[in-house]
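A.B. asks: Okay, handing you the structure first.
2 protein chains.
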Amino acid sequence: MDTLETRELRYFVAVAEELHFGRAAERLGMAQPPLSRAIQQLERRLGVSLLERNRRGVSLTSAGEVLLHEGRAALDATTAAARRTRRAGGADSPGGPRNRLVLAVKAAGSHELLHKLLDAYAAEPDAAEIEVLPCGIGEQEGLLRDGRADVALMQAPFNSLAGFDSEELLTEGQIAILPARHPLAARKTLSLADVSDVPDLPLARWPCHGTYPPGPGPEIHDQTQLAQLIALGRTVAVIPDSARAWLWTEHTAVPLTDAPPVVTHIAWPAHSHSLALAGLVRTAAQL
Amino acid sequence: MDTLETRELRYFVAVAEELHFGRAAERLGMAQPPLSRAIQQLERRLGVSLLERNRRGVSLTSAGEVLLHEGRAALDATTAAARRTRRAGGADSPGGPRNRLVLAVKAAGSHELLHKLLDAYAAEPDAAEIEVLPCGIGEQEGLLRDGRADVALMQAPFNSLAGFDSEELLTEGQIAILPARHPLAARKTLSLADVSDVPDLPLARWPCHGTYPPGPGPEIHDQTQLAQLIALGRTVAVIPDSARAWLWTEHTAVPLTDAPPVVTHIAWPAHSHSLALAGLVRTAAQL
DNA sequence: GCCCTGTAATACCCGGTAGGTATCACTGAG
DNA sequence: CTCAGTGATACCTACCGGGTATTACAGGGC
Numbered sequence: 001m002d003t004l005e006t007r008e009l010r011y012f013v014a015v016a017e018e019l020h021f022g023r024a025a026e027r028l029g030m031a032q033p034p035l036s037r038a039i040q041q042l043e044r045r046l047g048v049s050l051l052e053r054n055r056r057g058v059s060l061t062s063a064g065e066v067l068l069h070e071g072r073a074a075l076d077a078t079t080a081a082a083r084r085t086r087r088a089g090g091a092d093s094p095g096g097p098r099n100r101l102v103l104a105v106k107a108a109g110s111h112e113l114l115h116k117l118l119d120a121y122a123a124e125p126d127a128a129e130i131e132v133l134p135c136g137i138g139e140q141e142g143l144l145r146d147g148r149a150d151v152a153l154m155q156a157p158f159n160s161l162a163g164f165d166s167e168e169l170l171t172e173g174q175i176a177i178l179p180a181r182h183p184l185a186a187r188k189t190l191s192l193a194d195v196s197d198v199p200d201l202p203l204a205r206w207p208c209h210g211t212y213p214p215g216p217g218p219e220i221h222d223q224t225q226l227a228q229l230i231a232l233g234r235t236v237a238v239i240p241d242s243a244r245a246w247l248w249t250e251h252t253a254v255p256l257t258d259a260p261p262v263v264t265h266i267a268w269p270a271h272s273h274s275l276a277l278a279g280l281v282r283t284a285a286q287l
Numbered sequence: 001m002d003t004l005e006t007r008e009l010r011y012f013v014a015v016a017e018e019l020h021f022g023r024a025a026e027r028l029g030m031a032q033p034p035l036s037r038a039i040q041q042l043e044r045r046l047g048v049s050l051l052e053r054n055r056r057g058v059s060l061t062s063a064g065e066v067l068l069h070e071g072r073a074a075l076d077a078t079t080a081a082a083r084r085t086r087r088a089g090g091a092d093s094p095g096g097p098r099n100r101l102v103l104a105v106k107a108a109g110s111h112e113l114l115h116k117l118l119d120a121y122a123a124e125p126d127a128a129e130i131e132v133l134p135c136g137i138g139e140q141e142g143l144l145r146d147g148r149a150d151v152a153l154m155q156a157p158f159n160s161l162a163g164f165d166s167e168e169l170l171t172e173g174q175i176a177i178l179p180a181r182h183p184l185a186a187r188k189t190l191s192l193a194d195v196s197d198v199p200d201l202p203l204a205r206w207p208c209h210g211t212y213p214p215g216p217g218p219e220i221h222d223q224t225q226l227a228q229l230i231a232l233g234r235t236v237a238v239i240p241d242s243a244r245a246w247l248w249t250e251h252t253a254v255p256l257t258d259a260p261p262v263v264t265h266i267a268w269p270a271h272s273h274s275l276a277l278a279g280l281v282r283t284a285a286q287l
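Here it is in structure tokens:
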């Protein structure tokens with residue numbers, strides 16, 4: 001009568017995302033009628049109508065929107081529970097659990113910092129094994145939430161630290177990376193305004209939540225593509241200072257005077273309390 | 001094969017808390033054998049042993065500890081999803097959802113601030129209805145996590161803000177509240193050391209996670225009991241400055257020079273994004 | 001006007017499994 | 001050695017989650 005089953009949440013989230021019972025059922029690997037029935041039961045048990053059955057498809061009520069968001073969070077929490085338990089169990093050798101941490105890092109981001117952190121931590125007396133999980137921009141939050149990672153390096157303001165515990169590690173300015181032969185590359189410094197509306201160098205667009213923001217720039221999804229497009233003179237990038245590490249010869253870096261500073265944090269789920277994690281954070285804070 | 005059901009989590013948490021299949025089954029309103037079987041299935045599905053069956057009761061393996069903590073969080077998240085959806089659905093009148101927020105406040109804590117906040121917010125053009133939910137010390141976190149509350153007033157360092165978004169509202173010093181006839185009450189200021197080891201005034205003990213810390217002082221669980229014990233000359237309290245509001249005539253307040261400042265925050269679950277909540281936070285930040 | 005298409009809901013059936021009862025197996029206390 | 005108390009096993013039943021076939025309904029094209 002009162003607690004939701006994860007099965008029901010899974011079903012509802014699928015329907016709410018597809019806004020179509022048939023497609024949702026297919027995605028769930030089941031037939032449509034039982035799915036309809038399950039959602040009806042869910043609505044009856046909650047005493048709330050979640051979906052507006054329009055003549056042509058389905059739309060969410062306000063209560064449905066709430067359940068979509070809260071339900072996603074709950075599903076993430078349960079899969080995190082399963083994953084972390086499995087991992088903890090694999091290390092169930094006697095004489096102390098052999099801990100292991102999964103550290104999510106944006107590919108090629110904060111590379112030098114990461115290197116120093118891993119070296120310093122490895123020198124600790126009872127260091128756990130660190131598995132580095134490279135990921136795309138903005139993926140760290142999801143990885144931490146559903147348990148695929150235990151701790152992450154995040155960069156404000158690109159990543160949102162909301163809901164996580166974190167420790168500040170490094171603050172750096174940002175630079176513009178330009179094609180070496182472009183006129184702007186000769187400048188000593190630039191402002192954001194200088195690079196934001198250069199007709200022949202439109203800012204590249206990263207996918208955000210699976211979709212690309214509108215704009216004239218090329219669509220990219222990793223730093224190598226970006227580097228190549230810059231070298232070809234097609235775009236310009238605004239990127240933290242540490243990116244100097246991977247400059248090509250055809251690139252020129254120019255400091256930006258008014259770009260917001262980028263702060264790299266080490267972040268982890270607020271409720272976690274493993275010794276290995278505490279050690280890693282302590283090491284990181286002393287860098 | 002891969003996602004945990006809420007039922008399984010509920011069962012495991014019950015067993016892990018009771019460390020006894022019989023009592024856990026009773027608490028769950030079921031018989032013991034199916035519970036045993038369910039836990040065995042859970043262990044098989046996770047491929048991990050969660051409980052050490054000693055022939056006199058049960059103890060947790062390290063993986064079991066992980067699942068206990070992560071599972072509690074997941075259960076909280078699912079009950080929060082159900083509760084918040086029900087509340088959002090009750091307000092499903094046409095012409096815009098009639099929003100309602102539950103604000104958790106430690107009974108008698110930050111009373112003046114709360115009063116100002118409620119007044120200021122009520123004056124807002126599209127103010128939602130605010131239900132004030134008084135609670136005990138340190139209960140706010142749980143209320144926010146399982147959806148019984150949407151937003152809370154918390155006092156660092158008494159409350160832990162980990163895992164929540166928050167906004168700072170008020171910083172205040174702390175005072176010692178002494179029996180008026182006690183010699184120390186004549187002092188202009190005191191230090192923590194002055195009040196921490198007065199033989200005839202042992203510090204009172206609050207229950208922490210359901211159990212009392214050891215010590216000589218009396219066990220209390222609300223502010224009225226504390227006030228009375230102070231008036232009787234049995235104990236001394238170290239409390240934020242705003243507590244002057246409820247001083248008795250037999251009490252004397254003396255400022256503490258070295259007590260950590262108490263910062264009152266307004267805090268809410270990091271992922272929430274309701275308009276009503278945003279309005280309340282904005283109002284609070286402008287106080 | 002008609003039919004045809006695509007949608008969700010209903011009717012009905014079946015099998016897996018969650019849960020109950022009775023019992024067993026083991027171990028420590030007296 | 002027995003007995004009390006624990007969790008595990010055996011077996012049965014009933015519910016319900018899921019499948020297939022079908023209905024009900026709303027638009028769009030002709």
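One line per chain: the protein sequences are A and B, in this order.
If you count the first sequence from 1, position 283 lands on 283 in my numbering, and the numbers rise without skipping.
If you count the second sequence from 1, position 80 lands on 80 in my numbering, and the numbers rise without skipping.
Yeah, the Cβ is synthetic: ideal placement off N, Cα and C, and Gly gets one too.
1. Can you confirm whether HIS111/B, when its beta carbon is compared against all beta carbons of chain A, has any partner nearer than 8 angstroms?
2. Say whether chain A places a C-beta atom closer than 8 angstroms to the C-beta of LEU4/B.
3. Could you pull the start and end residues of the alpha helix (DSSP H) that GLN286/A belongs to?
4. Three-state secondary structure (DSSP) at VAL13/A?
5. Can you tell me which of the three DSSP states PRO125/B falls into?
6. Looking at the unbroken alpha helix (DSSP H) that takes in ALA193/A, where does it start and where does it end?
7. Whole angstroms is fine: what's the gap from THR79/B's alpha carbon to ILE266/B's?
8. Starting from the beta carbon of ASP165/B, find every residue of chain A whose beta carbon is closer than 8 angstroms, and list them in chain order.
9. When the cut-off is 8 angstroms and only beta carbons count, does THR249/B lie next to chain A?
10. Pull the bridge partners of ARG205/A from the DSSP assignment, please.
11. My understanding is that VAL238/B touches VAL195/B, with C-beta atoms under 8 angstroms, so please give their C-beta distance in whole angstroms.
12. Which whole-angstrom value describes the C-beta separation of PHE164/A and LEU144/A, a residue pair presumed to lie in contact below a C-beta threshold of 8 angstroms?
13. Rounded to a whole number of angstroms, what is the C-alpha to C-alpha distance between GLY233/A and SER242/A?
14. Please name the residue in LEU19/B, ALA284/B, GLU17/B, THR3/B whose C-alpha comes closest to that of MET154/B.
15. Of all the options ARG45/B, PRO199/B, LEU68/B, LEU277/B, which has the alpha carbon lying nearest to the alpha carbon of VAL15/B?
16. Here's the rule: buried if 16 or more other CB atoms are within 10 angstroms of the residue's CB, otherwise exposed. What is GLN40/A?
17. Considering just the uninterrupted stretch of the alpha helix (DSSP H) at PRO34/B, what are its terminal residues?
18. Take ALA245/A and list the residues in its own chain whose beta-carbon comes closer than 7 angstroms to its own, dropping the five residues that flank it on each side.
19. With a threshold of 8 angstroms between beta carbons, is ALA107/B in contact with chain A?
20. Would you identify the three-state DSSP class for GLU52/A, choosing helix, strand or coil?
21. Strictly under 8 angstroms for the Cβ-Cβ distance: is GLU70/A near chain B by that measure?
22. Per DSSP, which residues does HIS182/B bridge with? Please list them.
23. Please determine, among GLY138/A, PRO199/A, PHE21/A, GLY29/A, the residue with the shortest C-alpha to C-alpha distance to ARG37/A.
24. Suppose contacts are defined by Cβ-Cβ distances below 8 angstroms. Is ILE333/A in contact with ALA253/A by that definition?
25. Counting along the chain, where does the beta strand (DSSP E) carrying PHE164/A start and finish?
26. Given a threshold of 16 other Cβ atoms within 10 Å of its Cβ, counted over all protein chains shown, does VAL132/B qualify as buried or as exposed?
27. I want to verify the contact list: residues of chain B whose CB lies under 7 angstroms from the CB of ALA88/A, in sequence order.
28. Reducing DSSP to helix, strand and coil, say where THR252/A ends up.
29. Hey, out of LEU75/B, GLU70/B, GLY71/B, VAL66/B, whose CA is closest to GLU70/A's CA?
30. Got a sec? Which residues, its chain only, sit under 8 angstroms from GLY291/A by beta carbon, not counting five neighbours each side?
31. How about GLY95/B: is its C-beta nearer than 8 angstroms to some C-beta of chain A?
32. Can you name the start and end residues of the beta strand (DSSP E) that GLY57/A belongs to?
33. Nearest CA to the CA of LEU51/A: which residue from TYR11/A, ALA162/A, ALA73/A?
34. Residues of the stretch 73-85 of chain A with a CB closer than 7 angstroms to any CB of chain B: list them in chain order, please.
35. Flag ARG10/B as yes if its beta-carbon sits less than 8 angstroms from any beta-carbon of chain A, otherwise no.
36. With 16 other CB atoms within 10 Å as the buried threshold, where does ASP258/A fall?
C.D. replies: This is what the structure holds:
1. The residue given as residue 111/B occupies position 111 in the second sequence. By this cut-off, HIS111/B is not an interface position.
2. On the second sequence, residue 4/B is found 4 positions in, with the first residue counted as 1. At least one beta carbon of chain A lies nearer than 8 angstroms to the beta carbon of LEU4/B.
3. As a working mapping, residue 286/A is identified with position 286 in the first sequence. That residue, GLN286/A, is in no alpha helix (DSSP H); it is neither H nor E in DSSP.
4. The count along the first sequence starts at 1 and reaches residue 13/A at position 13. VAL13/A falls in the helix class under three-state DSSP.
5. The residue you call residue 125/B lines up with position 125 of the second sequence. PRO125/B: coil per DSSP, three-state reduction.
6. Numbered from 1 along the first sequence, position 193 holds the residue referred to as residue 193/A. Segment 192-196, the alpha helix (DSSP H) holding ALA193/A.
7. Locating residue 79/B in the second sequence gives position 79, counting from the first residue. Locating residue 266/B in the second sequence gives position 266, counting from the first residue. When rounded, the distance between both Cα atoms is 23 angstroms.
8. The residue you call residue 165/B lines up with position 165 of the second sequence. Under the 8 angstroms cutoff, chain A gives ALA162, GLY163.
9. For the purposes of this step, residue 249/B is identified with residue 249 of the second sequence, where counting begins at 1. The Cβ of THR249/B sits no closer than 8 angstroms to any Cβ of chain A.
10. As a first step, residue 205/A is located in the first sequence; it is residue number 205 there, counting from the start. DSSP lists GLU219/A as the beta-bridge partner residues of ARG205/A.
11. In the second sequence, counting from the first residue as 1, residue 238/B sits at position 238. In the second sequence, counting from the first residue as 1, residue 195/B sits at position 195. Between VAL238/B and VAL195/B a beta carbon distance of about 7 angstroms is seen, short of the 8 angstroms cut, so the two are scored as contacting.
12. Stepping through the first sequence from its first residue, residue 164/A is reached at position 164. Stepping through the first sequence from its first residue, residue 144/A is reached at position 144. About 7 angstroms; that satisfies the 8 angstroms criterion.
13. Working through the first sequence from its first residue, we reach residue 233/A at position 233. Working through the first sequence from its first residue, we reach residue 242/A at position 242. The alpha-carbon of GLY233/A is positioned some 22 angstroms away from that of SER242/A.
14. On the second sequence, position 154 is the one that residue 154/B refers to. Among LEU19/B, ALA284/B, GLU17/B, THR3/B, the Cα nearest to that of MET154/B belongs to ALA284/B.
15. Walking along the second sequence from the start, residue 15/B turns up at place 15. Residue LEU68/B is the option with its Cα nearest to VAL15/B.
16. Here residue 40/A refers to the residue found at position 40 of the first sequence. Of the residues assessed, GLN40/A falls on the exposed side of the cut-off, its CB having fewer than 16 other CB atoms within 10 angstroms.
17. Sequence index remark: in the second sequence, residue 34/B carries index 34 (1-based). That run of the alpha helix (DSSP H) goes 32-46.
18. Sequence index remark: in the first sequence, residue 245/A carries index 245 (1-based). The residues are HIS111, GLU112.
19. For the purposes of this step, residue 107/B is taken as residue 107 along the second sequence, with counting starting at 1. Answer no: the Cβ-Cβ gap between ALA107/B and chain A never drops below 8 angstroms.
20. Working through the first sequence from its first residue, we reach residue 52/A at position 52. Residue state, collapsed to three classes: strand.
21. Translated into the one-based positions of the first sequence, residue 70/A becomes position 70. Yes - at least one Cβ of chain B is within 8 angstroms of the one on GLU70/A.
22. Here the question's residue 182/B lines up with position 182 in the second sequence. Answer is none; HIS182/B lacks a bridge partner.
23. Counting from one through the first sequence, the residue named residue 37/A turns up at place 37. Here the closest residue by C-alpha is PHE21/A.
24. In the structure displayed, chain A extends from 1 to 287; residue 333/A sits before or after that span and is not available.
25. Here residue 164/A refers to the residue found at position 164 of the first sequence. Here the beta strand (DSSP E) through PHE164/A covers 164-172.
26. Numbered from 1 along the second sequence, position 132 holds the residue referred to as residue 132/B. Exposed is the call here.
27. As a first step, residue 88/A is located in the first sequence; it is residue number 88 there, counting from the start. What ALA88/A touches in chain B: SER62, ALA63, VAL66.
28. Position 252 of the first sequence holds residue 252/A. Annotated three-state conformation of THR252/A is strand, per DSSP.
29. As a first step, residue 70/A must be located in the first sequence, where it is residue number 70. Answer by Cα proximity: LEU75/B.
30. Lying before the first or after the last residue shown, residue 291/A is absent from chain A, which here runs from 1 to 287.
31. Residue mapping note: residue 95/B aligns to position 95 of the second sequence, counting from 1. Reliability of the predicted coordinates at GLY95/B is poor, the pLDDT of 40 falling under 50, and no value is obtained from them.
32. The residue given as residue 57/A occupies position 57 in the first sequence. For GLY57/A, the enclosing beta strand (DSSP E) stretches over residues 57-60.
33. To locate residue 51/A, count along the first sequence from 1; it is residue 51. Across the set TYR11/A, ALA162/A, ALA73/A, the C-alpha of TYR11/A shows the shortest separation from the C-alpha of LEU51/A.
34. Cβ contacts with chain B come from ALA73, ALA74, ALA77, THR78, THR79, ALA80, ALA81, ALA82, ARG84, THR85.
35. Taking the first residue of the second sequence as position 1, residue 10/B is located at position 10. With 8 angstroms as the cut-off, ARG10/B counts as an interface residue toward chain A.
36. Your numbering for residue 258/A matches position 258 in the first sequence. Label assigned to ASP258/A: exposed.
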